[in-house]
Every structure is written in structure tokens, then in C-alpha cells.
Amino acid sequence: MISATLVFTVLQAWHLAADETRRIYKGVDDSEGKYSYVVALIKDYRRGTGTLIASNWVITAAHCLSSATHIQYGDMTVPFEDTKFKRAILLTEQPPSSNSLGPDLGLIYISAVPMKEYAMISAVDYKVIQGHAIEFAGFGFTQKEWSKDIEKIFKMDQVRPLQIGFGLATACDINGYKLGPFLCVAPKCSDKEQVTLPGDPGGPLFHDEKVAAVHIGSQTMTSIRYYTPLSPYLTWIHSVINSQPHGFRVPQRMGKDKDNSSPRRDFRNVSKYLYGLKVRLQKYRERLMAAIARNST
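Residue numbers (mature numbering (1 follows the signal peptide of the UniProt record, and there is no 0)): -18 to -1, 1 to 279.
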């Protein structure tokens, strides 16, 4: 049985990289708007990804809830400060948990976003999905290596369309330990480099064009990526979206942000911001490798 130390270290490592804004490496542009209901989570920069599952509701990872103030949708090649297609985050909600290591899953309440269709949630048990082809999507930074052009690419990524990747759903395993309830994704053999990167939080995993899980983190030494499956939490999701918003906890932004308000984007701090991401990624690798080494002896 996997030790609590390893579980805590791995989850803590995911959270160390949670604020990074990198996304699918060698992904495909969603130029035809296949997943038009996937949105970017914004606070100065694109902090993560979410999915509209109803006019007022976005599903994402729990650790994204405190790192964003707005969502952006529609034509993502338009800068955030210039687009009309954005909403302030009004309320957030997480599944109840008996401990601090609850599921990395969250819901965001916003004023209504009119769309022809919203994402459908898969009712298929996540264990059944293992072994099947899936698609995943995300917003953020597309640069994998820390090169001299990193700041330029970071700025370009703020007006880049949604990126889509393709892979295979698998069980989650670290050094022979089975982890759960998680769903993992391995890249297709035809494109082993096409993966999400640390800090692409909240992005959807699609099975049969329905949302089956949300992205929570990566084991950066391999190409395996981790997701929170939705099937164990369907009752909670439905109960929240069918409830009255005024009954929710965490009304931290109600009355403070208007839908037409915009966080200030200050690109003068990009160098410092990116350096911080690199440091967190190094710490992530060190802690994860140390935890695996301890549990291998």
C-alpha cells in the first residue's frame, strides 16, 4: 500500500507547479472551434483552463480557484483587455472532504455565457475509460525549453487559440503503486512529444467528446499526465449546478468585480514571473524523486 508520505509529497509537488502557465506541447490549434466551451482562467496572464458545462458554470481543478479572477471565452486571439467575451468569477465551490487532501476538482460560478451548446459530462466510470483514446485541451504557455525567446513566446501565448492533444487513458502508477481515484494519460505512439506540461491546470479530458476528467498535474520525468476523474463526483456536480448560487460558500468576489472589469496586465514582470516558474518546477522534480527513492528502499 502506498504511504501517506508519498501521496502527500506528490500532491504537494503538483501544487508547487500549479501556477505555471504552460500548456500542450506540439498541440493542434482548435481553429474550427470544436471545443468552443473551453475557457481560459485569467489573472494578469492565462493561469489555467476550465470548461463551461452550463451557462453559469465552469468546471476546473480546485487549485485553480484561488489563482484566477476572470474567465475568457470566444475568439482567444483577441487580447483579454480588448475582448468583450469575459466574465468575472463570482463564486467557487469544491467537493466536501474529510481531510485536506480532497479531490482536486472545483466549480466556478459566473454570470451567464450564451452559447449554442455547453460541454457534456461523461457518465462513464473512469476505470472503463482506461485503455481508450482520448483528447485533451488547454490554454497557456507552449514553450517547453527555457530558451532566450521564452519571454517573447510567453507574450504570444496570451493570444494563442486553444490547443488540443491526443492520447491514451491509463491507470495511474508510480513505482508499482496504483494511485486513485485518478486517471492518467500517455501520449500516442505516433506523437510521443504531444503532452501537457506542468501548470496546465483545469483543462478537460474528453472521451467520446464528453468531459471525463480535469487536468491536475504531471510527472515531469515521464510523459504521463494526471487527471481527476468526474465519475466519482457526478452527484456532487449535479447538486451544485442545480442549487441556488446565493446559498454557496466562498462568495469572495461577489460585488467586487464587474463583468466588464479587467485585471491589469503588466508584462514588465514577465522575467521575474518565468524565473519563479522554473524554480518551482525544479523543486517539484526534487521532491518527487526523493519521495520515490524513499519508498523504493
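Glycine included, C-beta positions come from ideal geometry on N, C-alpha and C.
Taking 8 angstroms as the threshold (C-beta atoms), are Leu34 and Ala101 in contact?
Judged by their CB atoms, Ala101 and Leu34 are nearer to each other than the 8 angstroms cut-off.
Nearest-angstrom Cα separation, counted from Gly185 out to Gly15
Approximately 16 angstroms between the Cα atoms of the pair.
Using a threshold of 8 angstroms, state whether the C-beta atoms of Ile41 and Leu72 are closer than that.
For Ile41 and Leu72, no; Cβs fall outside 8 angstroms.
Go through its chain and collect everything with a Cβ distance to Val193's Cβ below 8 angstroms, but skip five positions before and after it.
Cβ contact annotation for Val193 (same chain, cutoff 8 angstroms, sequence separation greater than five): Thr33, Ile35, Ile41, Ala101, Met102, Ile103, Ser104, Pro186, Leu187, Leu212, in chain order.
Which one of Leu47, Thr65, Leu87 has the shortest CA to CA distance from Gln54?
Nearest C-alpha to Gln54 among Leu47, Thr65, Leu87: Thr65.
Would DSSP call Ile71 helix, strand or coil?
Coil.
Extent of the continuous alpha helix (DSSP H) run through Val60
It is not in any alpha helix (DSSP H) - Val60 carries neither H nor E in the DSSP assignment.
Count the other CB atoms within 10 Å of the CB of Ala94; is the residue buried (16 or more) or exposed (fewer)?
Its Cβ having fewer than 16 others within 10 Å, Ala94 is exposed.
Let's test the definition: count the other Cβ atoms within 10 Å of the Cβ of Asp57 and tell me whether it reaches 16, buried, or not, exposed.
Answer is exposed; the Cβ neighbour count stays below 16.
Residue span of the beta strand (DSSP E) that contains Val20, given as start and end:
Run containing Val20: 20 to 25, per the beta strand (DSSP E) assignment.
Could you give the distance in angstroms between the alpha-carbon of Pro163 and the alpha-carbon of His45?
Going from the Cα of Pro163 to the Cα of His45 covers about 17 angstroms.
Would you kindly check if the distance between the Cβ of Val167 and the Cβ of Tyr209 is under 8 angstroms?
Yes, the Cβ-Cβ distance between Tyr209 and Val167 is below 8 angstroms.
In chain order, what residues of the same chain have a beta carbon less than 6 angstroms from the beta carbon of Pro85, not counting five sequence neighbours either side?
Excluding residues up to 5 positions away in sequence, Pro77, Thr210 lie with their Cβ nearer than 6 angstroms to the Cβ of Pro85 in the same chain.
Taking all protein chains shown into account, do 16 or more other C-beta atoms lie within 10 angstroms of the C-beta of Leu216, making it buried, or fewer, making it exposed?
With fewer than 16 other Cβ atoms within 10 Å, it is exposed.
Mind reading off the beta-carbon distance from Pro183 to Ala22? Whole number of angstroms is fine, and I expect it under 8 angstroms.
Rounded, the Cβ-Cβ distance is 11 angstroms, inconsistent with contact.
Through-space distance from Asp139 to Glu133, alpha-carbon basis
Distance between the alpha carbons of Glu133 and Asp139 is about 10 angstroms.
Rounded to whole angstroms, what is the Cα-Cα separation between Asp107 and Leu165?
Asp107 and Leu165 have their C-alpha atoms some 11 angstroms from each other.
Do you know whose CA, among Arg69, Lys25, Lys68, lies nearest Ser49's CA?
Checked all of Arg69, Lys25, Lys68; the closest Cα to Ser49 is Lys25.
Considering only DSSP beta bridges, list what Ala115 is partnered with.
Leu150, per the DSSP bridge assignment.
Should Glu63 go down as buried or exposed, given a rule of 16 or more other Cβ atoms within 10 Å for buried?
Looking at its Cβ environment, which holds fewer than 16 other Cβ atoms inside 10 Å, Glu63 is exposed.
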